[in-house]
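The structure appears right after this line, and notes come after that.
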Amino acid sequence: MSAHSRWQVFRGNSKDPADLLFTAKTSSIFQLRTRLNVYLAHNTTEEVCDFKVEGSWLERSCVIYAGDSSTIVAQMHQRYSAESILLGKDKFMVTVYPNIDYAFIVSLIVILDDINSEDGS
Numbered sequence: 002m003s004a005h006s007r008w009q010v011f012r013g014n015s016k017d018p019a020d021l022l023f024t025a026k027t028s029s030i031f032q033l034r035t036r037l038n039v040y041l042a043h044n045t046t047e048e049v050c051d052f053k054v055e056g057s058w059l060e061r062s063c064v065i066y067a068g069d070s071s072t073i074v075a076q077m078h079q080r081y082s083a084e085s086i087l088l089g090k091d092k093f094m095v096t097v098y099p100n101i102d103y104a105f106i107v108s109l110i111v112i113l114d115d116i117n118s119e120d121g122s
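One point on numbering: in my numbering, the residue at position 51 of the sequence shown is 52, and numbering is uninterrupted.
Given below as structure tokens:
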């Protein structure tokens, strides 16, 4: 049993372990900045993460790294415009580096949003 928050992402609507794509979990219980460790399905030992997400939902930004390295594979930040300031409609810029699955990156951003919703901030 772990005190860390954990998300499992499956192919389609399946919950079959054979369709597991990846698992993401917070790196510690208390965090000022969100940190997620992401483990692809074949990484069952979860000793070293396959991807790492570091972000600040207050700043509306995050960076996604390959493994436990400093190699950036994607990043997101809020785009400020007159519309976003006056109407409160947030717009984001997501940069995804070559050979990285866009849907994978979006799913990580959705998990970050879920964490923010749980915190009630």
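From the three backbone atoms N, C-alpha and C, an ideal C-beta is built for every residue, glycine too.
Return the CA-CA distance between Trp-8 and Asp-17, expressed in angstroms with no decimal places. 14 Å
Nearest candidate by alpha-carbon position, reference Val-97, set Ala-25, Ile-73, Asp-51: Ile-73
Taking a contact to mean a Cβ-Cβ separation below 8 Å, would you say Leu-113 touches Gly-68 in this structure? no
Is the Cβ-Cβ distance between Leu-41 and Asp-51 less than 8 Å? yes
So which of Ser-70, Pro-99, Val-10, Val-111 has the shortest CA-CA distance to Ser-1? The displayed coordinates of the chain run from 2 to 122. Any statement about residue 1 would go beyond what the structure contains.
Cβ-based burial, Leu-109 [other Cβ within 10 Å; buried from 16]: buried
DSSP has Ser-62 in a bridge; who is on the other side? Ser-57, His-78
Quick check on Ala-4: does DSSP put it in helix, strand or coil? Residue placement at Ala-4 is poorly supported in this model, since its pLDDT is 49, which falls under 50; the coordinates still yield a value, given next. Looking at Ala-4 - three-state DSSP - the assignment turns out to be coil, as it is neither helix nor strand.
Mind reading off the beta-carbon distance from Thr-27 to Ser-6? Whole number of angstroms is fine, and I expect it under 8 Å. 5 Å
Nearest neighbour of Pro-99, chosen from Asp-115, Arg-80, Thr-46, Ala-75 [CA to CA]: Ala-75
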